[in-house]
Each structure stands twice: as C-alpha cells, then as structure tokens.
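Chains as they are written, first to last, in our numbering: chain A, 1 to 319; chain B, 1 to 170; chain C, 1 to 417. Every residue, glycine too, gets a C-beta built ideally from N, C-alpha and C.
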C-alpha cells in the first residue's frame, strides 16, 4: 500500500502521521528546524520561502493555541495565512468536508493545516486532492481525533534531541491517557523510528489502547516501576471529562497514582527531562514543583514547535 | 560527466592572494560573512590571514533562494550564524564562485534581515561570467569564462585543504 | 416451459453430486437429473458446456435499495432467493409493508424475496410486534436488524412468544453498550489509527445471552453475521449440546481483516467490524466445518456515504454480485471442492430457512438454477456491477467466477450470453 504522504519520488508531500515515515525524513525535518531556530532572534523574523503562498488553517475543532503556532510559523515563512473557524461556518450549513475543501481549492490555497475531531480526516482530504489532481496543495495534520499530531511528535523529538543529542540509548516514558492521545501515538512512532531502544507507556488499563505492545512499547501500570532509569518523561494531559466517570474514579485518585511529583521524578535518571504537550492540569497529572522545576522543558517545547512547523511547511511546499 | 582538461589553479594560493587584495581596504569595523559551503571555508581562511576583530559570520541562503518553487528545499540546510551586530557594519560577503549572481542576491536579502549594514562588498575566488543579475565582485583573483554545462566547485579534503574541481554535465 | 440444460457440470451439494449430468426442468420444478423423465420433450435447450450448473444461490442477508435494480443485481450474481432484514425505512413491523414487499418482488419476477419481520414494534426493543400476523403476510422469521433490545426481560419475552408459534428469531449478536461508540475491531489497527474499538466480547456476551435464552425457551435461533473465532466456537459448542441454533457470516469477513482498513479506507468499514487475522481464520474454518453459512450482507450505499472520515462512514459493502466469486476464492484458498464451496450458499441456507424445495436440484425442487463459468476472470468496476451500490473494498480487483444464466422457477431471469 502506497503511503499517501509521499509523492512518487518518495518525498514528503503531506504530513499526516509519523507512522510509516523513514528515519531520514524525520531527521531532515529536525535538521531544517534547527536552521530556523535563529530566525526569531533577528531584526526581521521572517524568511521569504513561502512568499505569495496561501496557508489555510482549517480548524474543525477549536484550538487557539495550536492554530496560533501554525500561524506564526507560516507568517515567519512569509506566507499569507487565512484562519477559518469551520466549527461555526460551513458544517453548520450542512456542507460536507470535501465540499469545503473544493471551495478553498477554488480560492487557490497552497496548503491546508487541518485540525479535525475525526481520526483520519486529513487522509480523506489528501486522497481527495489527489483524486481531483491538485498536486500542489499540501496537507498538514494539526491533530485528527485520537490518531495523530505529527508536528507535536516532531517538536517533542526536537526537544529530546536538543537535550539528549541522540536517541540510541534513551529510555522514554509516556505517562497518562494514551487511549485518547494523538500526541502519544505520534511520539511512539517517532521514538521507535528514530531508534529509541525503550519506550514505556504508563497508565491504568482504562487509559491504554488494546494491544499497545504491538506498537513497540513496554506497558507499565505501576508508575514507580515505569519511571525507573528514564531519560525522558512525557506527561499527557488528562481531559476534564475523563476525570470523574467510568474511566477514572476521581482526579485525586489519578494524581495519587499517575501524577508526576518530585518524589516520583526522583526515580528517573537525575538528568531526566520532563515534557508536556500543554495545556497542563497542575495537581492532576503534574505537580507544580515538577512543572516549574529545573527538569521541566515545557516552554522550550513551545519555542521549538514554531521552528519545527516552519521546517515542515517549507519542506512540503518545496516537494 | 567527465573531468575537463582545464588547468586548475591552486585554491589555497588563491585564498592568500584574495587576502592581500582585501588587506589595504580593511577598516576596524570590517567583518566577513561566508556563504555556505565554499564561501564559509574561504572566510575561515581569510580570518586566519587577516587581522579581524571577530570570527566570520556564516550564511545559508536556502531560505532565500529564488528557485525554491522549482527545486524545493535544499536537503541539507545549515543554520545561519552571524556572531556580531550587522547594523552599521562594513561587511565583506565571501563566496567561492560568482556566476549568475542569484546566490549573492539571496545572501544580501538574508543579511538585510539581520540589520542594515553600512556597506557590503563581495569577495570571490572565481568569477566565471554568465551573470543574470547586475552584480560585480569587489575582490576577485580568477576571471574565466565557462560554458553553461560546466560546473566549477570548490572542494575541501579531510585534511582541510581546498582545491577546485570541474565537471561537465551532459 | 420444459427446459433441458445439457452438457454442464452439475453440482448439487445436498445430494453430493458433482458430475457431467443434464438437468430437466418442467412446470417451474426440477423434472429430472441425468435422464429425461419419460415423455419429456424440451421446448428450450440450454448448452451448458464449460459451465457449472448448480442450485440458485440463497443469500441470507441483502439490503434492497431500489428493488428492481437490486433484484437485477441479485440474479446477475446467481442469487435466486434472498432474505431482507426488517430495519428499513419504515421498519417492517406491519403486515401491509411485508405484503407490499413480497408482492412487488413477485411482480418483478426476478429473485425470490423473503422478508424478515420486526421482532418488536418500530424495532424499538420494547413491545412485541404482531408476529403471527406478519408471518401470514410473508415474513419468514423475526429480527431486529441492527437495532438492539436493551432490556433482557423484553428479549426473553420475545423468545418465548416466538417459540409459542414455532417462529425463528434471527439476531445479530452485538452488545449495545460495548459497540455503540466503536467502529473498528478493538485491536492493533484501531489502537494505531486512534479509532474507537469494538471488543470481541461485544459479540460473545450477546451470543451467550441469546444461547441461554434459546436453550431455555426452545426457540429456533439464527445468529446473523458472526465476526469472531470465539463466537463461532460458542455456536459450535451449543449445537453439539443440542441447542437449535444456526449462524451466518458475511462473505467479506472470510477475506478481509482489520489490516485492510489500511489508511482509514472507509470501504473496509463493516458492522460487525473486520477483526483480527486469527478471527478471520476461525470464521473460514467455521464455514468449512458447516457451523456457519455465508451471506453477502449486501449493503448498497451512495459514494457520499463513504467519502467522509472513517468514523462517519456508513458500514457495509455491495455484495450480491460478489457472493459467488468471493465464495469460490475462499474455497480455492482453503482447498475445498466446488461442491463444498457451494454448500454454504445453497443447501446450507435452505436448511436454515426450513425450505426443502430450495437449494438443491433433485426432482421436485424449485427450478432455481445458476449457471456459471468457474474460471472466468472479470474486473470489479462501477460499470461491471448492476447494483446501485458500487461500494466495495474489491473495486478494481480481478475475481474468477461469473454467472452466465440464472433461472428462477424455471424462467430465465438473467442471461449474459
């Protein structure tokens, strides 16, 4: 089966998922992102790569934060950015997703940054563009359902590489609600592709997807056990609606067993870094002492995220 | 591809000659900016040969190329690194070969995104003609004319020695 | 009309016949096999050289959109009898609706349509539908289609009432709560793609409930569309213990598994979902062993129903015209004889329907006959399918086995020659 993210030359033309991408493509994105890092410190915080191109932010699901980082990234590449709040406009009128896409193609879009509540929606768009022969329109998945959030996965890898230099001897733990997390899935694929020998998933059985081990991770239910010897701890956000229901009895009980406290973090390696995709729930999945502590690199992730998104957009636009 | 019988001068000697051309014009605020990759190596040599206050800046013009739409992003982009304030400085842009002038234009554009220099000069080892933009070198040690299909590149071996190579693209 | 079908390879699984024999039809029935009955003079002769002559196929589940189009698709696929589920719009819970469907189908004179009646009013799972009246109107058994009965008390009552009259109940075993949010097998692929899963236990729990109630009430139970190896094993065990239970499997589930979802291919969305390879192997073995029969689970859909994100896509595939070639493909993979391959789409379903005049070709049987070229390859394309539903994961594939002539009640209703 052909990977719909790659063109006939094997180059990245859409970024839909980390899964199935070869290591050299991931490394190229990270290397390119490194080159973009300096731009924010310059007099003019822009390069002309995407001058005259139109980037449409299609957010079928609200996320001001993610949308803003894509917007900044596109603007630093000199693209024109159009933000569409689709949650309110077209779908309310009964227009189908692909009708919306056809309309925007007619407005000469060059790139779609798509956030959608349904897993796989960006694939549907990418395949549609292929069917109607819009070869030069690129799709970036900015989060689809529980499936993937590849730019978040890449910025996490950038952060890890920044602090740990290489991936070959790391132990990385991902903690919390993996079942509902697109970030976790993208991180797992990225870590295994980049050669991390041990990826651990830590959480209660209600928050772990079936047959998770087949994705190349080691499952731990006991956080104290799972954190031992870790170089990197990635904490996941626990959505409010999951806290008091059938999945978990209470936020308090969750924090007791799966919240990251300074005491639990001490089980990891002394130089371990703590990551979180944000926004954090202090006192639910992470203690403030850790979130504000010197091992946390959460704000760096945000900074790196812009460079990584610039790298992704410029590589796609050139292929 | 074939190696042309063209006699190739010693690039290391040319670097020394280029340094001597520049020397009389140096001011206390002169700084070098080398264009990756050949220009960066030459700038490194010039820094050793000339009394300059700082190390050279290094510039990767991948994000400023005018052929991005056709060729896409260069597979290997290195970070631009300019370790000094550009604003009000006298800069010498260093490259190995001056050809169409498009690289120089891209480099100037990028430089100006760092600030407004007082003056920019251009130093190259070779000027092979074939200009497509109104550019001329301020300092140059080797003037020659080459046909379009011929590619003149500066190489650096494992020991760090610079040398020329010529290839014909059929 | 007296018809002689000559020079064909006659396969009649019920009577273990696979031999070069002529078939003689008269008065809409089979009049003779091998030898013409005394005084038989054919008014029409069909040369079946190179063709297999077998009983018309019986499809235990086909949804009908535009009746005429879909019944034309049926006979083009060699299907002469099909069972339609009651969860149509409106639900088939009133005798008039059943009568109208049976009459319209009879007027068209293509395939026979045997409707399933609603087990509960409006299929809401609460009040019993008028089963005896629906039976008189032509409903052959009672079902909820894909709609659940949440209240186990109501389910028990329905079983008891149907058992009183000797009616059969056909249910798709799927626990409502374990399946309502899901749209793929709860396994590796759903986990990777971030699709909410439906665990195998959704099926096995429902089977356990149904089997328990069937054993207690003595109702004739048919379980529709099993999807798991564990489910098949439970049915096999219950049958060995003497429970009057039968079951069927959708033909796609013998060929496809969770991996066929690939990158969110909505054509691979089924209800019940495509499960693991192990489950698929278990289903294949169950059909080969005679525990389950096959159905096409024909579900014609608009293109728009599939051009949406996976979770929003309607489940199902077009199937009437693929039932035969996909059955042959399964048999070839499992190294089964042609007769063994055809049993789960002829004699097997006839036995479940309790019809000894269908699904075989002994004298006296209905003259429902399918003549097909077993080796002929054809490509599945939108144009090559008569059904309005072009939705199939096999689109573009080449399949072997093509129906050439179909007879229903001794009338030639399809002829591709």
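- Query: What are the residues of the region 199 to 228 of chain A that lie near chain C, defined by any Cβ-Cβ distance shorter than 8 Å?
  - Reply: Flagged, chain order: 209, 210, 211, 212, 214 and 215.
- Task: Please check the pair residue 319/C and residue 251/C, which I expect to be a contact at CB under 8 Å, by giving their CB distance rounded to whole angstroms.
- Result: Within the third chain, residue 319/C is the residue found at index 319, counting from 1. Within the third chain, residue 251/C is the residue found at index 251, counting from 1. Rounded to whole angstroms, the Cβ separation of residue 319/C and residue 251/C is 6 Å, and the two are in contact under 8 Å.
- Item | Closest residue to residue 195/A among 27/A, 209/A and 162/A (Cα-Cα distance) | Residue numbering aside, residue 195/A sits at position 195 when the first chain is read from its first letter. With distances taken between Cα atoms, residue 195/A lies closest to 27/A.
- Using the C-alpha atoms, what's the distance from residue 182/C back to residue 70/B? Along the second chain, one-based indexing puts residue 70/B at 70. Along the third chain, one-based indexing puts residue 182/C at 182. Their backbone Cα atoms lie some 45 Å apart in a straight line.
- Would you give the residue range spanned by the beta strand (DSSP E) that residue 44/C belongs to? Walking along the third chain from the start, residue 44/C turns up at place 44. From DSSP, the beta strand (DSSP E) with residue 44/C extends over 44 to 47.
- Message: Please report whether the beta-carbon of residue 48/A lies at a distance below 9 Å from any beta-carbon of chain B.
- Response: Translated into positions along the first chain, residue 48/A becomes position 48. Against chain B, the CB of residue 48/A has a partner CB under 9 Å away; the residue lies at that interface.
- Query: Do you know offhand how far residue 2/B's Cα is from residue 143/B's?
  - Reply: Working through the second chain from its first residue, we reach residue 2/B at position 2. Working through the second chain from its first residue, we reach residue 143/B at position 143. At residue 2/B, the pLDDT of 43 sits below 50, so the modelled position is not reliable; the number obtained from the coordinates is stated separately. Between residue 2/B and residue 143/B, the C-alpha separation is close to 22 Å.
- Task: Please name the residue in 11/B, 19/B and 12/B whose C-alpha comes closest to that of residue 138/B.
- Result: To locate residue 138/B, count along the second chain from 1; it is residue 138. Closest in C-alpha terms to residue 138/B, from the list 11/B, 19/B and 12/B, comes 19/B.
- Note down the Cα distance separating residue 12/B from residue 40/B, rounded to an integer number of angstroms. On the second chain, position 12 is the one that residue 12/B refers to. On the second chain, position 40 is the one that residue 40/B refers to. Cα-Cα distance, rounded: 14 Å.
- Message: I need the boundaries of the alpha helix (DSSP H) containing residue 379/C, first residue and last residue.
- Response: The residue labelled residue 379/C in the question sits at position 379 within the third chain. Membership of residue 379/C in any alpha helix (DSSP H) is not indicated; the residue belongs instead to the beta strand (DSSP E) covering 369 to 379.
- Inter-residue spacing [alpha-carbon to alpha-carbon] between residue 259/C and residue 306/C: By one-based count along the third chain, residue 259/C stands at place 259. By one-based count along the third chain, residue 306/C stands at place 306. Their Cα atoms are separated by approximately 18 Å.
- Message: Under 8 Å, CB to CB, which of the residues in the region 19 to 30 of chain A have a partner in chain C?
- Response: 19
- Message: In whole angstroms, give me the CA-to-CA distance for residue 156/A and residue 227/C.
- Response: Within the first chain, numbered from 1, the residue matching residue 156/A stands at position 156. Within the third chain, numbered from 1, the residue matching residue 227/C stands at position 227. One C-alpha to the other measures close to 39 Å.
- Task: Report the rounded CA-to-CA distance for residue 65/B versus residue 102/B, giving the unit in angstroms.
- Result: Sequence index remark: in the second chain, residue 65/B carries index 65 (1-based). Sequence index remark: in the second chain, residue 102/B carries index 102 (1-based). C-alpha of residue 65/B to C-alpha of residue 102/B: approximately 8 Å in a straight line.
- Which of the three DSSP states, helix, strand or coil, is assigned to residue 15/B? Residue 15/B sits at position 15 when you count from the first residue of the second chain. Under the three-state reduction of DSSP, residue 15/B is assigned to helix.
- Query: Taking the C-alpha atoms as reference points, what is the distance between residue 14/B and residue 125/B?
  - Reply: On the second chain, position 14 is the one that residue 14/B refers to. On the second chain, position 125 is the one that residue 125/B refers to. Cα to Cα, the separation comes out at about 7 Å.
- At least three beta-carbon pairs within less than 8 Å, the region 139 to 156 of chain A to the region 9 to 16 of chain A: Contact between the region 139 to 156 of chain A and the region 9 to 16 of chain A is established, with three or more Cβ pairs separated by less than 8 Å.
- Message: I'd like to know whether the C-beta of residue 311/C is nearer than 9 Å to at least one C-beta of chain A.
- Response: The count along the third chain starts at 1 and reaches residue 311/C at position 311. With 9 Å as the cut-off, residue 311/C counts as an interface residue toward chain A.
- Item | Inter-residue CB distance, residue 81/C and residue 111/C (contact presumed, cutoff 8 Å) | Sequence index remark: in the third chain, residue 81/C carries index 81 (1-based). Sequence index remark: in the third chain, residue 111/C carries index 111 (1-based). The pair is a contact, with the Cβ atoms about 6 Å apart (cut-off 8 Å).
- Query: Does DSSP classify residue 329/C as helix, strand or coil?
  - Reply: As a working mapping, residue 329/C is identified with position 329 in the third chain. The answer is helix: DSSP assigns residue 329/C an H, G or I state.
- List in chain order: all unbroken alpha helix (DSSP H) runs of 4+ residues lying wholly within the region 96 to 150 of chain C. 131 to 136
- Item | Euclidean distance between Cα positions of residue 235/A and residue 275/A | Residue 235/A sits at position 235 when you count from the first residue of the first chain. Residue 275/A sits at position 275 when you count from the first residue of the first chain. Those two C-alpha atoms are separated by around 6 Å.
- Message: Determine, for residue 63/B, whether the minimum Cβ-Cβ distance to residues of chain A falls below 9 Å.
- Response: The residue given as residue 63/B occupies position 63 in the second chain. Yes, contact with chain A.
- Complete runs of the beta strand (DSSP E) confined to the region 68 to 128 of chain A [at least 3 residues]: 80 to 85 and 111 to 116
- Are there 16 or more other CB atoms within 10 angstroms of the CB of residue 224/A, so buried, or fewer, so exposed? Within the first chain, numbered from 1, the residue matching residue 224/A stands at position 224. Exposed, since its Cβ has fewer than 16 Cβ neighbours within 10 Å.
- Task: Kindly list, in the order they appear in chain A, the residues whose Cβ is closer than 7 Å to that of residue 60/B.
- Result: Mapped onto the second chain, residue 60/B falls at position 60. 35, listed in chain order.
- Residues that residue 120/B contacts on chain F, provided the C-beta gap is smaller than 7 Å: Note that chain F does not occur in the displayed structure, where the protein chains are A, B and C.
- Message: Quick check on the DSSP output: the beta strand (DSSP E) that includes residue 168/B runs from which residue to which?
- Response: Stepping through the second chain from its first residue, residue 168/B is reached at position 168. Looking at the DSSP string, the run of the beta strand (DSSP E) that includes residue 168/B is 162 to 168.
- Under a Cβ-count criterion, where at least 16 other Cβ atoms within 10 Å of its own Cβ denotes burial, should residue 185/C be classed as buried or exposed? The residue you call residue 185/C lines up with position 185 of the third chain. So residue 185/C counts as buried.
- Which one of 116/A, 72/A, 286/A and 241/A has the shortest CA to CA distance from residue 256/A? Counting from one through the first chain, the residue named residue 256/A turns up at place 256. Measuring from the Cα of residue 256/A, the nearest candidate turns out to be 286/A.
- Item | Per-residue contacts from residue 80/B into chain A (C-beta, under 8 Å) | Indexing the second chain from 1 puts residue 80/B at position 80. Within chain A, the residues near residue 80/B are 35 and 38.
- Message: If we define contact as Cβ-Cβ less than 9 Å, is residue 309/A a contact residue for chain B?
- Response: Within the first chain, the letter at position 309 stands for residue 309/A. Using a CB distance cut-off of 9 Å, residue 309/A does not count as an interface residue toward chain B.
- Query: Going along chain A in order, which residues have a C-beta closer than 9 Å to the C-beta of residue 32/B?
  - Reply: Locating residue 32/B in the second chain gives position 32, counting from the first residue. Those do not exist, as residue 32/B stays about 18 Å from chain A at its closest Cβ, beyond 9 Å.
- Helix, strand or coil: how does DSSP classify residue 52/B here? Here residue 52/B refers to the residue found at position 52 of the second chain. In the structure shown, residue 52/B sits in coil (DSSP, three-state: anything other than H, G, I, E or B).
- Message: For residue 22/C, which residues in the same chain have their Cβ closer than 7 Å to its Cβ, ignoring the five residues on either side in sequence?
- Response: On the third chain, residue 22/C is found 22 positions in, with the first residue counted as 1. Answer for residue 22/C: 4, 5, 6 and 34, listed in chain order.
- Item | Spatially closest choice to residue 463/C from 310/C, 291/C and 241/C, by CA coordinates | Nothing in the structure corresponds to residue 463/C, since chain C is present only between 1 and 417.
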